[in-house]
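As numbered in the numbering used here, the sequence shown has no gaps in its residue numbers, which increase by one up to the final residue, 1123. Think of the CB as a built atom: it goes at the ideal place given N, C-alpha and C, for glycine as much as any other residue. Accompanying notes for the structure given below.
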Amino acid sequence: MRLTYKEKKTQKKVDDIDFVASHTPVMVQEVLNFLSPFSGAVFLDTTLGGGGHSELILDAIQPSGVLVGCDRDRDAINICKDKLKDYGNAIRIHHSNFTNIKKILKNEKIDYVDGIIFDLGFSSIQMDNPKRGFSVRSEDFLDMRMDVTSSLKASEIVNKMSENEIADIIFEYGEEKKSRRIAREIVKYRSKKEIVTCEELSNIVLRAIKRDSNTFFRIHPATKTFQALRIFVNNELESLKIALSEAVDVLRPGGRIVVISFHSLEDRIVKNYFRSESKKETPLLKVLTKKVIRPAHKEVQINPRARSSRLRVSERLGRV
Ligand SMILES: C[S@@+](CC[C@H](N)C(=O)[O-])C[C@H]1O[C@@H](n2cnc3c(N)ncnc32)[C@H](O)[C@@H]1O
C-alpha cells in the first residue's frame, strides 16, 4: 500500500504513542447478582478484555475456585496475564476465539462450569488504541481486526469489494438505511485514491449523507457503517451463535449464563437462542430476564460507554 506524506506522518505518530490501556466493566453489580459466584466454583469468562469482570469473580471464588478466561485479542491476553497474575493457578488464560469453548475446557480437563459470562463487542482498550483502527473520530488506519493474526482488514472491504457487496454489508450489519448512498460515495472516492484512515471513511460517510464534519454529533453518523465493518471483519454474529450453543453444553445444571451485548443484532441472537432453548420439549434453559436489563442511569453518567449495553441471563436446567 502506497501512503501519502500525511499518512506516513500519521503512522509515525501512531508508532510513537505509548498507549495506556484501561476498560471499565459494565453492569458489574447485575453480573455478580446473577452469577452469584461462590468459594470453590469454576467460572468461564469468554471475553476477558481488561479483566474487570474476571477479577471480581476471582475474588468471590477464592480460595479454591478456578476461572478460565479467553479473548481473541492478544493485547487483552497480555493485559490480563499481568493484571491477574497474583491469582496464580486460579486463573487460566487462553488466547482464543470463544467459538473454541469446549476445546479450551478440555485442555483444562474441566467438564462443566458453574457460570459463564459473555461481554460482547470490543473494549475501550481496543477502541482507544490508535494502532487498531476502530474509532470513527480518529486518523487511525482502518483495520478493526480483534485478532491481528486474522487476514481481513476493514480497509480491504472498502477498497476491494464491489459497490453492491459494500452496501449489503453496511445495511445488514449496521442496519443503515442509507447504505446504498454510502457505498456509492465510497466507490467514487476510491476511484481517485485508496481509503486508508478511519477519518477518511468517516468523511466519506458524512458526504454521502450530506452532513458537515464540524457539527457536534452525540452519536457520529458513521457509527453504523463502522459497526457493520467491524462485525463483518470479525465474523462476530456467526461466532456468537456457535459459542452460545457450546456454552450451554458445558454449563452445569443450576449454573447461569450472562450475556451483555451492545447492539440489537447481537441482542436478538441471544434473545432468540435463549427463547428457543427454553421452549423445547426438554428445555435446556430457563430464561431469568423476561425483559432485557439496561444499565442504571447513574452508571451511564459515570461511564457513557455503558449506554448501549443490555444484559440477558438464563439458567441451565437438568439434573445435577
Ligand atoms: C467488552 S470487552 C470485555 C471487557 C471485560 N468484560 C472487562 O471487564 O474488561 C469485549 C472483549 O471480547 C473480546 N472478543 C470479542 N469477540 C470475541 C470472540 N469471538 N472470541 C473471544 N474474544 C472475543 C474482544 O477482543 C474484547 O477484548
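For this session: With a 10 Å radius around its C-beta and 16 neighbouring C-beta atoms as the bar for buried, classify Q1104 as buried or exposed.
Result: exposed
Exercise. By the 10 Å Cβ neighbour count, where 16 or more other Cβ atoms means buried, how is D1070 classified, buried or exposed?
Worked result: buried
Exercise. Should S938 be listed as close to ligand 1, given that the test is whether its C-beta is under 7 Å from any heavy atom?
Worked result: No, ligand 1 has no heavy atom inside 7 Å of this Cβ.
Problem set entry | Bounding residues of the alpha helix (DSSP H) (the contiguous stretch that carries V961) | A957 to K963
Exercise. Do G872 and G843 have their C-beta atoms within less than 8 Å of each other?
Worked result: no
Exercise. Do you know offhand how far F958's Cα is from G936's?
Worked result: The amino acid occupying residue 958 in the given sequence is Ser; Phe does not appear at that position. Per the coordinates, the alpha-carbon of S958 lies some 10 Å from the alpha-carbon of G936.
For this session: Measure the beta-carbon distance from D943 to T1000 and round it to whole angstroms, keeping in mind my assumption that it falls under 8 Å.
Result: 6 Å
Exercise. Given that a residue counts as buried once 16 or more other Cβ atoms are within 10 Å of its Cβ, and exposed if not, what is P866?
Worked result: exposed
For this session: Please classify D819: is it buried, with 16 or more other beta-carbons within 10 angstroms of its beta-carbon, or exposed?
Result: Note that D819 scores a pLDDT of 46, beneath 50, so its modelled location is shaky and nothing firm can be said.
For this session: Assign S763 to buried or exposed, taking buried as 16 or more other Cβ atoms, counted over all protein chains shown, within 10 Å of its Cβ.
Result: Beyond the ends of the chain as shown, which are 804 and 1123, falls residue 763; an answer cannot be given.
Exercise. Is P1107 near ligand 1, going by C-beta to nearest heavy atom under 7 Å?
Worked result: no
Exercise. Quick one: what's got a C-beta closer than 7 Å to N962's C-beta in the same chain, skipping five residues either side?
Worked result: R993, E997 and I998
Problem set entry | Own chain partners of T813 with C-beta closer than 6 Å, once the 5 adjacent residues on each side are dropped | Confidence in T813 is poor, its pLDDT being 46 and thus under 50, which makes the residue's placement too unreliable to answer from.
Exercise. Tell me, which residues are paired with F846 by DSSP?
Worked result: Under DSSP, the beta-bridge partners assigned to F846 are L870 and G918.
Exercise. In the DSSP assignment, what residue or residues form a beta bridge with E1118?
Worked result: R1059 and K1089
For this session: Flag this pair as yes or no: are the beta carbons of I896 and K909 separated by less than 8 Å?
Result: no
Problem set entry | Straight-line Cα distance separating H856 from N881 | 16 Å
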